[in-house]
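Read in order, the letters of the sequence shown correspond to residues 1 to 203 in our numbering. Idealized CB from N, CA, C, for every residue including glycine. Please read all numbers here as calculations on a predicted model, not as lab measurements.
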Amino acid sequence: MTTYSVTFTPSNTAVAVPVGTLLNEAAQEAGLDLNMPCGGQGRCGRCAVLVEQGTVRRRSNLRLSADDVAQGYCLACQTVIEGDARILIPPQEKIERRLVTDRTVAAIEAPLDYDPARDQVLAAYYLELDPPSMDDQTDDWSRVQRALRRAHGIERIAADLGILRTLGRTLRAAAWQVTAIVERGGWDDPDAAPRLVDVLPGR
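(1) Ala16: buried (16+ other C-beta within 10 angstroms of its C-beta) or exposed?
(2) Where DSSP assigns a beta bridge to Thr55, which residues make up the other side?
(3) Could you give the distance in angstroms between the alpha-carbon of Gln41 and the alpha-carbon of Asp130?
(4) Between which two residues does the beta strand (DSSP E) containing Val199 stretch?
(5) For His152 and Asp140, what's the separation of their Cα atoms in angstroms?
(6) Determine the DSSP secondary structure at Thr166, reduced to helix, strand or coil.
(7) Spell out a yes or no on whether the stretch 66-76 and the stretch 4-15 are touching, meaning 3 or more CB-CB pairs, one atom from each, closer than 8 Å.
(8) Find out if the Cβ-Cβ distance for the pair Leu122, Val178 is shorter than 9 Å.
(9) Please determine, among Leu200, Arg59, Gly31, Cys77, the residue with the shortest C-alpha to C-alpha distance to Ala175.
(10) Out of Arg43, Met36, Asp160, Val144, which one is the CA nearest neighbour of Ala26?
(11) What would DSSP say about Asp84, mapped onto helix, strand or coil?
(12) Distance, Cα to Cα, Asp84 vs Ser5?
(13) Report the rounded CA-to-CA distance for Gly72 versus Gly45, giving the unit in angstroms.
(14) Measure the alpha-carbon distance for Pro37 versus Val144 and round it to whole angstroms.
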């Protein structure tokens, strides 16, 4: 699996993580705590960081202004790593001063041309995997990738670090019959690579 180096400043703490890892997960792996009162849902904006160098993909910019995004700010809980990166963690008081407070709505309605089958971001895929054997010693993550590709035509999928840490235990506890929850490209980036967000036992 492809891994990238992420360096957090001003502590200059570096960590190697798989492609597709969320920035807040990389920070946690590096032993750094980010303030996320909303639980990583992208609603509070308190985990805003500055991308000084590198390649990332923003899934949501809620609570950030267009100028902030242009300067390189992003929400750590809504941004995935797609290359080596250098990330500045600003002082909390500086983040709070930058937060946009007027980007809320009274109600949320789906667009008129919304098609759940076509536009739904999350999808569930049932998988029956062959367990490891002397003839097939493929690692667990590659085994899931192969099953998604063969059974459902899903290519170049990424996964969060937390999923990969528990994947082996989940597969074995479920006797290799699981349901993969996959995040497909959303309305803001329909061409984004799919991402595995959870693995559930059985159907």
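Taking the coordinates as given:
(1) For the purposes of this step, residue 16 is taken as residue 16 along the sequence shown, with counting starting at 1. Its Cβ having fewer than 16 others within 10 Å, Ala16 is exposed.
(2) Residue mapping note: residue 55 aligns to position 55 of the sequence shown, counting from 1. Answer is none; Thr55 lacks a bridge partner.
(3) Numbered from 1 along the sequence shown, position 41 holds the residue referred to as residue 41. Numbered from 1 along the sequence shown, position 130 holds the residue referred to as residue 130. Answer to the nearest angstrom: the Cα atoms are 35 Å apart.
(4) Locating residue 199 in the sequence shown gives position 199, where the first residue counts as 1. Start and end: 195-201.
(5) Along the sequence shown, one-based indexing puts residue 152 at 152. Along the sequence shown, one-based indexing puts residue 140 at 140. Taking the CA atoms as reference points, His152 sits about 18 Å from Asp140.
(6) As a working note, residue 166 is residue 166 in the sequence shown. Thr166 falls in the helix class under three-state DSSP.
(7) Of all C-beta pairs linking the stretch 66-76 to the stretch 4-15, fewer than three are shorter than 8 Å, placing the two stretches out of contact.
(8) Residue 122 sits at position 122 when you count from the first residue of the sequence shown. Residue 178 sits at position 178 when you count from the first residue of the sequence shown. No, the Cβ-Cβ distance between Leu122 and Val178 is not below 9 Å.
(9) On the sequence shown, position 175 is the one that residue 175 refers to. It is Leu200 whose Cα lies nearest to the Cα of Ala175.
(10) For this step, residue 26 is matched to residue 26 along the sequence shown. Cα-wise, what sits closest to Ala26 is Asp160.
(11) The count along the sequence shown starts at 1 and reaches residue 84 at position 84. Here Asp84 sits in strand by DSSP.
(12) Working through the sequence shown from its first residue, we reach residue 84 at position 84. Working through the sequence shown from its first residue, we reach residue 5 at position 5. Each residue's alpha carbon lies about 5 Å from the other.
(13) Position 72 of the sequence shown, counting from 1, holds the residue named residue 72. Position 45 of the sequence shown, counting from 1, holds the residue named residue 45. Roughly 14 Å separates the two Cα atoms.
(14) In the sequence shown, counting from the first residue as 1, residue 37 sits at position 37. In the sequence shown, counting from the first residue as 1, residue 144 sits at position 144. Distance between the alpha carbons of Pro37 and Val144 is about 33 Å.
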